Amino acid sequence: MKRFLFILLFFLISCGNESSVENSSVSTSVLYTSPILAGDYIEKAATSIVLNSSSFTDSTKSLIELQPNTSALVEAKLQPVANDKASFFEVTSMQKADFIISSSCHTSLPYGSCSTNITYNPVCSGSSLAYFKLQADKSSPKIVTITGSSSEFADNCSIYKLDNITLTADKSYYSFSYIGETYYFTLKADKTVPKGYSYSTNGALNGFYYSYACFAEDNTCTGFAQFTGKVGKYECKGESTLSLSIYADPFTTKGHTPAKITLYGAGTGRDENYPCAMK
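Numbered as in the UniProt record's numbering, the sequence shown ends at 279 without a single skipped number.
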């Protein structure tokens, strides 16, 4: 019986995409475990991300204006069509008291396509904004802005804005000793963050994977970084660093002071064509 329970537990841990018990469809921020990246950034790099939605209200497909108590769906796909895997990526999605953003892109974008659903249920009067960002391989970042406006509530939406917040990391530098090692970190804000605001970011670059979640419960961010020692499906070679600048608001950085974390690792690969550090 004990053997069966151990096997079952191992299976559940191995197959999970999120390190939190929360599902990505609820209004909270979560940490995401490292995906198995299989892309090839030299021969088959993704060069762009195409977004499709019937809800876009501008020609650049970067703005969605929602009426109260309505939703929008945005689908994303890597280009060119022949490329269905990415070697590098980053995804950030925001949650607010009046916007619920559920996205499969945190775990599915590296495999070619994903979708994001946004629901606007106002809790304040005035205009409110939310965002999500997608990037992979050689593509430019795709940032989608979602707006909503209401006049039914006593509170003005301005009370939910973040103002001049400084984040501080418990440790600003970490050197990885071996492939697969994981480093956990905590960030603290110097001011109270409005209740109902949070966001999650995860990505892979330079042989590292990172994931952090901010303000789901309090004025802190928690996260981790892992040195995978791989670029896509290849073991990478040589020394590599990654510098993270983490803001309280990753989309409106003006006035905010980020926490900065520098990571160092060295890959064990032998192929000169696959250096760990991006050139």
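In this text, a Cβ means the ideal position worked out from N, Cα and C, and glycines have one as well. Small disclaimer: the values here were computed from a predicted structure and weren't measured.
- Alanine 277 and glutamine 226 have their alpha carbons spaced roughly 15 angstroms apart.
- Rounded to whole angstroms, the gap between the alpha carbons of lysine 191 and alanine 248 is 10 angstroms.
- For serine 108, there is no enclosing beta strand (DSSP E); the enclosing alpha helix (DSSP H) has its first and last residue at 105 to 108.
- Isoleucine 261 and serine 240 have their C-alpha atoms some 14 angstroms from each other.
- The beta carbon of alanine 38 is closer than 6 angstroms to those of Lys85, Lys233 in its chain, skipping five residues each way along the sequence.
- CA-CA distance, isoleucine 146 to isoleucine 42, rounds to 34 angstroms.
- Looking at the backbone, the Cα of threonine 119 and that of serine 125 are separated by about 17 angstroms.
- In the DSSP assignment, the residues bridged to asparagine 202 are Val91, Ser211.
- Per DSSP, the beta-bridge partners of cysteine 221 are Leu187, Cys214.
- C-alpha of alanine 204 to C-alpha of glycine 148: approximately 32 angstroms in a straight line.
- By alpha-carbon distance to proline 194, the top candidate from Leu129, Gly229, Lys161 is Lys161.
- Assignment of serine 53 by DSSP, reduced to helix, strand and coil, places it in the coil class.
- Phenylalanine 224 is positioned such that its CB atom lies closer than 8 angstroms to that of tyrosine 184.
- Shown here, tyrosine 197 sits in coil according to DSSP, grouped into three states, outside any helix or strand.
- Assignment of beta strand (DSSP E) within the region 97 to 136, counting only whole runs of 3 or more residues, yields 99 to 103, 113 to 120, 126 to 136 in chain order.
- Note on geometry: alpha-carbon atoms of proline 122 and serine 103 lie some 20 angstroms from one another.
- Of all alpha-carbon atoms in Ser177, Ala213, Pro258, the one lying nearest the alpha-carbon of tyrosine 264 is that of Ser177.
- Nearest Cα to phenylalanine 132 within the set His106, Asp155, Ser139: His106.
- Taking a C-beta distance under 8 angstroms as the contact criterion, threonine 186 and threonine 222 qualify as a contact pair.
- The three-state secondary structure of tyrosine 160, taken from DSSP, is helix.
- When only Cα atoms are considered, alanine 213 and serine 34 end up about 14 angstroms apart.
- DSSP places glutamine 67 in the coil class of the three-state scheme, outside both helix and strand.
- Counted as a single uninterrupted DSSP element, the stretch harbouring glycine 255 is not any beta strand (DSSP E), since DSSP gives it neither H nor E.
- Beta-bridge partners assigned by DSSP to isoleucine 165: none are found.
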